[in-house]
Amino acid sequence: MNESVEKEKSNENAKNGNEKSENSLGIPKAEFVEDVDKFMEKQGENNASVIIRKFDENHSKYRFMELNLMQKKKRLKKQIPDIKSSLDVLNLIKHRKESNSTIDTQFLLSDQVYMSAIVEPTSRICLWLGANVMLEYPIEEAEQLLSRNLETAMRNLAQIDVDLDFLRDQITTTEVSILFKCLKNDMARVYNWDVKRRQSEKSSAS
-7 MNESVEKEKS NENAKNGNEK SENSLGIPKA EFVEDVDKFM EKQGENNASV IIRKFDENHS
53 KYRFMELNLM QKKKRLKKQI PDIKSSLDVL NLIKHRKESN STIDTQFLLS DQVYMSAIVE
113 PTSRICLWLG ANVMLEYPIE EAEQLLSRNL ETAMRNLAQI DVDLDFLRDQ ITTTEVSILF
173 KCLKNDMARV YNWDVKRRQS EKSSAS
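If you're matching positions, the sequence shown starts at -7 in my numbering and goes up one per residue.
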């Protein structure tokens, strides 16, 4: 008996582990209503409006989370090319230092205003860290920092795509369960169950 209990716990843990691996935010999985009668009995609720409202609330939460993830994805997709560009510049500075040669370049002073400059070989550079903060680093440390930032940004972007796929599955499942019909807002499956129940009660009363 103990073996069967342990096996059941192991299966449950594996199941929970698989669900957690699907998304990193602990997003709850939407329940698909396959049998409306059994579902309503399980909820212990005869008022379809209450259940529909719960579905609607979950649907709104999923949409809100989707919007937040889309905004994060947009920021990361802008950040990644900037980091790559910084690494390219860093590699150029590193190469010119090794060859002891200068860099002829132009600095952007303001919109459409540039200034020509010659950059002497150097072993240190300054990085903008955000919030109007700039720090000076040795080239090797700056390269390590930018490489870590790029790796983290790429990993976060990939995870956001996984979370978005999971979220959209939950949104679809929720919409199928209550079936929003364009502008009419017919809550199909649960709504139809409620109509059928009311008709049955009227027939019994008559």
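A virtual CB, placed ideally from N, CA and C, is assigned to each residue, including glycine.
May I have a chain-ordered list of the beta strand (DSSP E) segments no shorter than 3 residues that lie completely inside the region 63 to 133? Restricted to the region 63 to 133, the beta strand (DSSP E) segments that are unbroken, complete and at least 3 residues in length are 95 to 102, 105 to 111, 116 to 122 and 125 to 130, listed in chain order.
Pull up the distance between the alpha-carbon of F56 and that of V125, whole angstroms please. The alpha-carbon of F56 is positioned some 32 Å away from that of V125.
How many Å lie between E(-2) and K65 at the Cα? Confidence is the limiting factor: at E(-2) the pLDDT is only 45, short of 50, which leaves the residue's position unreliable, though a coordinate-based value still follows. Roughly 41 Å separates the two Cα atoms.
Would Q162 be called buried (16 or more neighbouring beta carbons within 10 Å of its own) or exposed? buried
Pairwise C-alpha distance: A134 and R140: Per the coordinates, the alpha-carbon of R140 lies some 10 Å from the alpha-carbon of A134.
Quick check: the region 71 to 78 against the region 142 to 158, are there 3 or more CB pairs under 8 Å? Taking a cut-off of 8 Å for Cβ pairs, the region 71 to 78 and the region 142 to 158 touch, as three or more such pairs fall below it.
Suppose you measure from the CA of E193 to the CA of I43; what does that come to, to the nearest Å? Straight-line spacing of the CA atoms in E193 and I43 works out to 20 Å.
Contact set for N15: own chain, Cβ-Cβ below 8 Å, skip 5 residues either direction: V154, D155, F158 and L159
Please report the straight-line C-alpha distance between C118 and E58, rounded to a whole angstrom. 36 Å
Rounded straight-line distance, which links the Cα of A123 to that of T166: 41 Å
Is the region 107 to 114 in contact with the region 81 to 97, if contact means three or more CB pairs nearer than 8 Å? yes
Can you tell me whether L200 is helix, strand or coil according to DSSP? The question about residue 200 has no answer here: the residues shown for the chain are numbered -7 through 198.
Reference D29, options N50, V187 and L137, closest by Cα: Answer by Cα proximity: V187.
From F99 to Q151, what does the alpha carbon distance come to, in whole angstroms? 36 Å
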